[in-house]
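Okay, so here's the structure we're looking at.
Residue numbers (this note's numbering), protein chains in the order written: chain Y, 319 to 595; chain P, 715 to 1138.
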């Protein structure tokens, strides 16, 4: 979701706030790893609110970086207030930008997940089905990933500060994997979600021989029916076919894998079944 | 003397996650003081159900962005125990090396960015960027080496990619550790400067003896593996943790509290320091002497200092591990053990930067998770923090409400709580 109004160009040193919702806070921590580049950014903006790093706080800010999933009624109101105050809202990471494993809990009733974790005290815990920030308010910029990729974060910050728009990359991870000349992990006998997952991570997992788990979410044009046909041995490349045979993936297992980062809105394999023709 | 004060810090700053500090003083009497975890739970123990074991360890690291390697390692150990997988000595060594990276980055984040501003009388590290840029650069350099060390071994610190059930998904070329070894040797000067910085500041004086719980290992200062030990005596294998540690849900907290021999116990750097001091590398022990830390230390504010001492230990140990790696080389035959799905229950325990971390998983015959349990350091030690607050507050009630509030916040920060992790 992108807002239609033009992105404001800042006539002054913009004031920046960081906010976190339900998450591991790993995206903020990744930003702290920018070192010298972070100091450079801090020369162009004033950070006025960042609870994890600063005691200083302000209710006035131009740019809001938001991390995490919205999982309580209070957080629904909180993100709306932030959206109202901020000229520019940037979502950091998949939790906020499109969905992540937090939405796995939406497979069950909230009563059930509360009971599994809190037992008899389940009623004292309030929670609503998890959703990304972008399901509640519009974001001007989205940075995907679990966690965010720092080169992409820098590209977004540059675009934002110079008043340009930024479209998230919309090709499969396979493109970056092949450009880097990495060995396809299917050839190593592993099931990889790279063919349907939005790139922008420079294929960091397959670089280490680990399959893509889809943390950046499905790309817009992800061809799930084709992926299913391949994973179900109906129309697979020979190597993929051997891997899939070895793992004997059932429909449920394929759905479980795709659901980890794609359960907002709820992922339904039946809707993605390949057409018979 | 403050006769009346109502302190309510909503979402205390410079800690990981969301917690509140509440204190109420009426007519010179302390009516209430507590730290409440108000973090929104993500229900990891529920969402693991039905996931394949290889996806369980992937999701497990997402419990925490600061201690992602710890969660991954605890989940790996639990899963390997459940599936009966033996890891190679090479895998054990590499995991220990990645672990040092995490402890360094986590401790240094706390020491410089979260705790130090209190000791320097600042609201955050931000004012230092212009006034003392050298200190900020040093802090960033130190923290970065931890991330880079973990990334060298595991592909990335947050969240590790190459650590798989049974081993690693790639074979590290030992030659790639040579540059890191040099950086580690050079960073000792920065740590020395940090020791001098901490030697020059005064911590609040407050002592309360408590139960100190950590892992302990016969051969080394325990981080990656060991048995669970209490300063009150008992030592138990990690698989028997349920016989000792009891979790309970309490009012005002979305993270569970825990007890063992006493109603509250401390975990983390100070517990490890008190329980395993003799196994610290000599330069770390020398730093402890310089900083006036002689075990057992009962001042909870000294947790930050214990973390600094551990940083020196981790750098020394990481240098030894890289030397060992270079001398013995890496072997593809030891990279990845065979793993087959089977029914089983397994427990894994590590010393995360903030203390004892336990994961437990039960798998069905297809390798799907049936149940999960996570015992998190900050959750375990909440009861101890609250007890400290109850005993500390009466001693500072002659101060202004602002000062009382600040000292209570400092006490919470000394614990370096990892709150989203504690609630998970």
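The beta carbon of each residue, even a glycine, is placed where N, CA and C say it ideally should be.
- Listed in chain order, the non-local C-beta contacts of residue 1089 (chain P) below 6 Å within the same chain comprise 1072, local neighbours out to five positions each way being set aside.
- Looking at the backbone, the Cα of residue 741 (chain P) and that of residue 720 (chain P) are separated by about 12 Å.
- Straight through space, the alpha carbons of residue 776 (chain P) and residue 521 (chain Y) are spaced by roughly 19 Å.
- Using a Cβ-Cβ cut-off of 9 Å, residue 1053 (chain P) does not count as an interface residue toward chain Y, since no Cβ of chain Y sits closer than that to its own.
- With contacts defined as CB atoms closer than 9 Å, residue 843 (chain P) and residue 360 (chain Y) qualify as a contacting pair.
- Residue 1068 (chain P) is classed as buried because its beta carbon has at least 16 other beta carbons within 10 Å across all chains shown.
- Uninterrupted beta strand (DSSP E) stretches at least 3 residues long and entirely within the region 1023 to 1076 of chain P occur at 1058 to 1066, given in chain order.
- A contact between stretches requires three or more CB pairs, one per stretch, nearer than 8 Å, and the region 832 to 849 of chain P fails this requirement with the region 783 to 802 of chain P.
- The continuous beta strand (DSSP E) containing residue 721 (chain P) extends over residues 719 to 723.
- Around the beta carbon of residue 564 (chain Y), fewer than 16 other beta carbons sit within 10 angstroms, so the residue counts as exposed.
- The region 809 to 825 of chain P makes contact with the region 767 to 785 of chain P: 3 or more CB pairs, one atom from each, lie closer than 8 Å.
- Listed along the chain, the chain P residues whose CB falls inside 8 Å of the CB of residue 434 (chain Y) are 757, 759, 760 and 763.
- Judged by their CB atoms, residue 944 (chain P) and residue 1010 (chain P) are not nearer to each other than the 9 Å cut-off.
- By the criterion of a C-beta distance shorter than 7 Å, residue 590 (chain Y) is surrounded in its chain by 542, 543 and 546, once the five residues flanking it on both sides are discounted.
- The C-beta distance from residue 1036 (chain P) to residue 891 (chain P) rounds to 4 Å, short enough to meet the 8 Å contact threshold.
- When beta bridges are read from the DSSP output, residue 944 (chain P) appears opposite P:927.
- Boundaries for residue 333 (chain Y): no alpha helix (DSSP H) harbours it, while the beta strand (DSSP E) harbouring it runs 333 to 338, taken from the DSSP string.
- Collapsing the DSSP output to three states places residue 540 (chain Y) in coil.
- Between residue 745 (chain P) and residue 738 (chain P), the C-beta spacing is below 9 Å.
- With a 10 Å radius around the Cβ and a threshold of 16 neighbouring Cβ atoms, residue 747 (chain P) comes out buried.
- By DSSP's assignment, residue 978 (chain P) forms no beta bridge with any residue.
- Contacts between residue 861 (chain P) and chain Y, judged by CB atoms closer than 8 Å, involve 351 in chain order.
- Judged by beta-carbon spacing, residue 349 (chain Y) lies within the 9 Å limit of residue 466 (chain Y), meaning their Cβ atoms are closer than that value.
- In the DSSP annotation of this structure, the continuous segment of the alpha helix (DSSP H) that includes residue 1000 (chain P) starts and ends at 996 to 1004.
- Look at residue 449 (chain Y) here: in three-state DSSP terms it is strand.
- When the Cα atoms are used, residue 573 (chain Y) and residue 585 (chain Y) turn out to be separated by approximately 8 Å.
- From the beta-carbon of residue 348 (chain Y), the residues of chain P found nearer than 8 Å are 779 and 872.
- In chain Y, no part has a C-beta under 9 Å from the C-beta of residue 740 (chain P); the shortest such distance is about 27 Å.
- Rounded to the nearest whole angstrom, the CA to CA distance from residue 439 (chain Y) to residue 433 (chain Y) is 8 Å.
- Runs of the alpha helix (DSSP H) spanning 4 or more residues and lying entirely within the region 500 to 577 of chain Y occur at 522 to 525, 542 to 549, 556 to 565 and 569 to 577, in chain order.
- Look at residue 531 (chain Y): its C-beta is under 9 Å from a C-beta on chain P.
- Taking CB atoms only, residue 588 (chain Y) has no neighbour in chain P less than 9 Å away.
- Per DSSP, residue 969 (chain P) lies in no beta strand (DSSP E) and is assigned neither H nor E.
- Within the region 902 to 931 of chain P, contact with chain Y at the beta-carbon level (separation under 7 Å) is assigned to no residue.
- For the options P:1136, P:888, P:1127 and P:871, the alpha carbon positioned closest to that of residue 829 (chain P) is the one of P:1127.
- Along the length of the region 372 to 425 of chain Y, whole alpha helix (DSSP H) runs at least 4 residues long occupy 391 to 403 and 412 to 415, reported in chain order.
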